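Novice: Heads up: the sequence shown begins at 60 in our numbering, then just goes up one per residue.
Ideal placement from N, C-alpha and C gives every residue a C-beta, glycine not left out.
Nothing here was measured: the structure is a model prediction, and the numbers come from that model.
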Amino acid sequence: MVKKFLDQVYETEGDAATRALYDEWSASYDDEVTEHGYRTPRRLAVAMAKVAADTSAPVLDYGCGTGLSGAALYGAGFTTIDGADPSPGMLAEAKARKFYRDLIPLDLTRPLPFAPDAYSAIAAVGVISTGAGPASLMDTLIALVPTGGILGFSLNDHALEDAEYTDGVQRLKDYGHIARVEEYGDHLPGLNLNSMIYVFEKA
């Protein structure tokens with residue numbers, strides 16, 4: 060019997076515990092989320108492609124996991140995609156997909172290894188959420204893109220019920236960043252779970 064992880068992920072706390080869970084999950088991740096009709100990567104990638112000034116410019120798939128999000132970005136028209144993730148197991152799965160120009164291991168105890176303005180677009184699909192990345196990641200990632208660049212991310216129903224995350228979205232707006240897309244829809248329909256996708260243009 061294949062172990063299931065979706066019922067654990069939203070309750071996991073701490074970088075080390077989260078990395079260990081995703082490492083263990085890496086081999087069966089795609090099958091488990093696909094079983095429930097995982098829609099958010101495609102929804103966000105299509106929305107970002109409509110907003111992006113140039114889909115041939117490098118895009119960072121932050122928290123790329125096994126590469127489902129990279130596949131969605133590629134399918135939406137992005138042609139130069141780098142992935143980054145703290146889980147070696149997930150990165151190994153992503154490498155096999157061959158959508159990525161480069162795959163970057165992350166050490167979450169250290170500053171992010173990206174130069175400002177290296178990417179005109181950053182995607183964080185299913186990354187900013189309870190059991191994953193903190194709301195402050197919105198601020199960290201949008202700081203890395205140039206003025207006019209875009210940050211795309213999603214908040215599932217669990218995150219939308221947590222004021223830390225909804226306050227984070229409002230903070231981006233208060234700083235003057237432009238919400239080009241805010242769209243609520245299917246996340247994991249097999250579990251009756253939805254998500255809001257956002258695409259912000261940096262002011």
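From residue 184 to residue 228, what does the alpha carbon distance come to, in whole angstroms?
Specialist: In the sequence shown, residue 184 corresponds to position 125, counting from 1. In the sequence shown, residue 228 corresponds to position 169, counting from 1. Computed Cα separation, rounded: 15 Å.
Novice: Answer yes if the stretch 221-241 comes into contact with the stretch 192-207, meaning at least three C-beta pairs across the two stretches below 8 Å, and no otherwise.
Specialist: Short answer: they touch.
Novice: Name the one or two DSSP bridge partners that residue 243 has.
Specialist: Translated into the one-based positions of the sequence shown, residue 243 becomes position 184. Bridge partners of residue 243: 255.
Novice: Between the beta-carbon of residue 238 and the beta-carbon of residue 209, is there less than 7 Å?
Specialist: Translated into the one-based positions of the sequence shown, residue 238 becomes position 179. Translated into the one-based positions of the sequence shown, residue 209 becomes position 150. No, the Cβ-Cβ distance between residue 238 and residue 209 is not below 7 Å.
Novice: So for residue 188, helix, strand or coil by DSSP?
Specialist: Looking up residue 188 in the sequence shown gives position 129. Correct three-state label for residue 188: coil.
Novice: Looking at the structure shown, is residue 105 part of a helix, part of a strand, or coil, going by DSSP?
Specialist: In the sequence shown, the residue the question calls residue 105 occupies position 46. In this structure, residue 105 counts as helix in the three-state DSSP scheme.
Novice: Run through DSSP, which three-state label would residue 262 get?
Specialist: Translated into positions along the sequence shown, residue 262 becomes position 203. Residue 262 falls in the coil class under three-state DSSP.
Novice: On the DSSP bridge assignment, give the partners of residue 222 in chain order.
Specialist: As a working mapping, residue 222 is identified with position 163 in the sequence shown. According to DSSP, which records beta bridges pairwise, residue 222 is partnered with nothing at all.
Novice: What did DSSP end up calling residue 121 once you bin it into helix, strand or coil?
Specialist: Counting from one through the sequence shown, the residue named residue 121 turns up at place 62. Here residue 121 sits in strand by DSSP.
Novice: Does the count of Cβ pairs from the stretch 104-114 and the stretch 142-157 closer than 8 Å reach three?
Specialist: The answer is no - the stretch 142-157 does not touch the stretch 104-114, with fewer than three Cβ pairs under 8 Å.
Novice: In the structure shown, what three-state DSSP assignment does residue 172 receive?
Specialist: Translated into positions along the sequence shown, residue 172 becomes position 113. In this structure, residue 172 counts as coil in the three-state DSSP scheme.
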